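Enquirer: In our numbering, the protein residues as written are 1028 to 1142.
From the three backbone atoms N, C-alpha and C, an ideal C-beta is built for every residue, glycine too.
This structure is a prediction, so every number in the text was calculated from the model and none was measured.
Sharing a structure with you now.
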């Protein structure tokens, strides 16, 4: 009788150990999925932030270009002030853009550009 009780107890222990192993495996999988979801959320947020930042730069650049086209004194000042502040690799592009602003633009009304 004692041997039967011992065997039954051992069977329960083995069953519980197997159940525990399955639960630990499920927990590890849930943690892995949770980490993947968190990483995806961080990536989406970073991507959205980059898009907003790029849009801000585009809008600001458009406003600055409109200002420089309509204000020759500001354009002359920027031609002198900006190149030394720009990175060496960006200076030719900056010079090209600023020089292009001084050229006559079709659609101008008096001294103001229509943008």
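Let me know if residue 1096 comes out buried or exposed under the rule of 16 or more other beta-carbons within 10 Å of its beta-carbon.
Expert: With 16 or more other Cβ atoms within 10 Å, it is buried.
Enquirer: Between the Cα of residue 1126 and those of 1082, 1088, 1114, 1106, spot the shortest distance and give me the residue it belongs to.
Expert: Per the Cα distances, 1106.
Enquirer: For the segment 1097 to 1126, which segments carrying the alpha helix (DSSP H) assignment without a break, of at least 4 residues, lie completely within its bounds, in sequence order?
Expert: Fully enclosed alpha helix (DSSP H) runs of 4 or longer: 1099 to 1112.
Enquirer: What does the Cβ neighbour count give for residue 1128, buried or exposed, with the cut at 16 atoms within 10 Å?
Expert: Residue 1128 comes out buried.
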